[in-house]
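Before any comments, here is the structure.
Numbering (this note's numbering), first residue to last: 677 to 888.
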């Protein structure tokens with residue numbers, strides 16, 4: 677995680693490179709679009725939390741960590757974007773890169789998905805003061821009314837562990853440099869983003885996909 681606002685060039689040419697996201701942005705060319713197998717892995721992997729419209733015409737993917745301060749501040753903007761854009765589909769990739777506390781938190785969050793309370797757990801844990809770890813994640817799980825015995829069992833399930841493994845592999849394959857990373861269409865943005873920047877990313881993603 678770094679406080680850099682920019683378009684991120686994904687290693688290997690998998691995403692279209694752009695300019696720094698601080699001024700006028702050039703038009704997006706599809707000279708090197710994202711391979712469809714990569715898009716499928718990003719947007720339609722099993723056991724991946726999906727919010728917004730599950731049949732939306734554009735998917736916004738976020739790689740995040742519960743101990744990333746910019747991931748925490750982005751929650752309200754992602755929520756606002758979903759509320760404003762009824763055709764937006766949002767996919768979360770839990771990418772716990774800040775140590776054991778982050779790993780425990782991601783496991784608990786994905787286990788909460790099995791109880792239908794992913795969003796409640798996600799937003800509550802993102803809103804805490806201090807570190808996300810076993811103690812704070814457990815407290816949040818109780819706060820949102822999760823079955824704790826089931827939660828602990830599901831945290832070690834193959835679905836939960838495979839999601840984290842796949843997020844790690846995808847991030848490494850694409851050369852992601854930190855959290856949060858947002859991807860839509862053929863473009864990625866890394867670092868703290870405003871609601872306006874996220875809205876622009878989604879808009880450009882729609883435009884590039886419409887050309888395909």
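In this text, a Cβ means the ideal position worked out from N, Cα and C, and glycines have one as well.
Since this is a predicted model, take the numbers as computed values, not measurements.
Using the rule of at least 16 other Cβ atoms within 10 Å of the residue's Cβ for burial, across every protein chain shown, is residue i buried or exposed?
i           : result
residue 718 : buried
residue 731 : exposed
residue 831 : buried
residue 761 : buried
residue 861 : buried
residue 711 : exposed
residue 716 : exposed
residue 745 : exposed
residue 702 : Residue confidence for residue 702 is low, a pLDDT of 35 falling below 50, so the modelled location carries little weight; the figure read from the coordinates is stated next. The residue in question, residue 702, is exposed, as its Cβ has fewer than 16 Cβ neighbours within 10 Å.
residue 738 : buried
residue 777 : buried
residue 888 : exposed
residue 812 : buried
residue 854 : buried
residue 815 : exposed
residue 787 : buried
Would you mind reading off the limits of the alpha helix (DSSP H) that contains residue i?
i           : result
residue 845 : 834-850
residue 884 : 871-886
residue 735 : It is not in any alpha helix (DSSP H) - residue 735 instead sits in the beta strand (DSSP E) that spans 734-740.
residue 831 : 824-831
residue 731 : Careful: residue 731 lies outside any alpha helix (DSSP H) and carries neither H nor E.
residue 717 : 712-719
Report yes if the C-beta distance between residue i and residue j is below 8 Å; otherwise report no.
i           : j           : result
residue 741 : residue 780 : no
residue 827 : residue 784 : yes
residue 836 : residue 736 : no
residue 839 : residue 723 : yes
residue 846 : residue 798 : no
residue 856 : residue 782 : no
residue 789 : residue 725 : yes
residue 758 : residue 882 : no
residue 771 : residue 843 : yes
residue 727 : residue 795 : yes
residue 802 : residue 748 : yes
residue 807 : residue 743 : yes
Which two residues bound the contiguous beta strand (DSSP E) that contains residue i?
i           : result
residue 859 : 857-860
residue 769 : 764-770
residue 865 : 863-866
residue 728 : 726-728
So, does the CB of residue i fall closer than 8 Å to a CB anywhere in chain C?
i           : result
residue 848 : Of the chains in the structure shown, none is chain C; there is only one protein chain.
Original post:
Counting Cβ pairs closer than 8 Å, one from the stretch 873-888 and one from the stretch 765-779, do we hit at least three?
Top reply: Output reads no: the stretch 765-779 does not touch the stretch 873-888.
Original post:
Contact between the stretch 819-828 and the stretch 859-871: three or more CB pairs below 8 Å?
Top reply: Judged by pairs of C-beta atoms under 8 Å, the stretch 819-828 does not touch the stretch 859-871, as fewer than three such pairs exist.
**OP:** Just list the alpha helix (DSSP H) runs in the stretch 744-819, keeping only unbroken ones of 4 residues or longer that don't cross its boundaries, in chain order.
**Re:** 745-760, 776-789, 794-802 and 810-819
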